[in-house]
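Taking it in order: structure first as structure tokens, then the write-up.
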Amino acid sequence: MATTVDLVLDEIGRLSLEDQELVDEIMHKRIIEGRREEIHTAYITALEDRARGRTKSGSADDLFGSL
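Residue numbers for the sequence shown follow the working numbering, so the first one is 533 and each next one is one higher.
See the structure below:
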């Protein structure tokens, strides 16, 4: 994988600075979208777990008391 990343970085390095900035902007937006999707998936999983009774509820004192 590092070899693939190195190849991609070498190719990007051959672009003009303007195009490199464009690649940076695009990748930044893709990373943000990927994180957003991960958060959404975790949220849906948490809702399903709660609906199936796989979670517990209580106060902060309950939580720290169980540690």
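Cβ atoms here follow ideal geometry from the backbone N, Cα and C, with glycine treated the same way.
- T587 sits away from D594, with the two beta carbons spaced by 8 Å or more.
- In this structure, the CA atom of V540 is about 15 Å from the CA atom of I558.
- By the CB criterion at 8 Å, V555 and L547 fall inside the cutoff.
- Pairing E543 with Q552, the inter-Cα distance amounts to about 10 Å.
- For L539, the enclosing alpha helix (DSSP H) starts and ends at A534 to G545.
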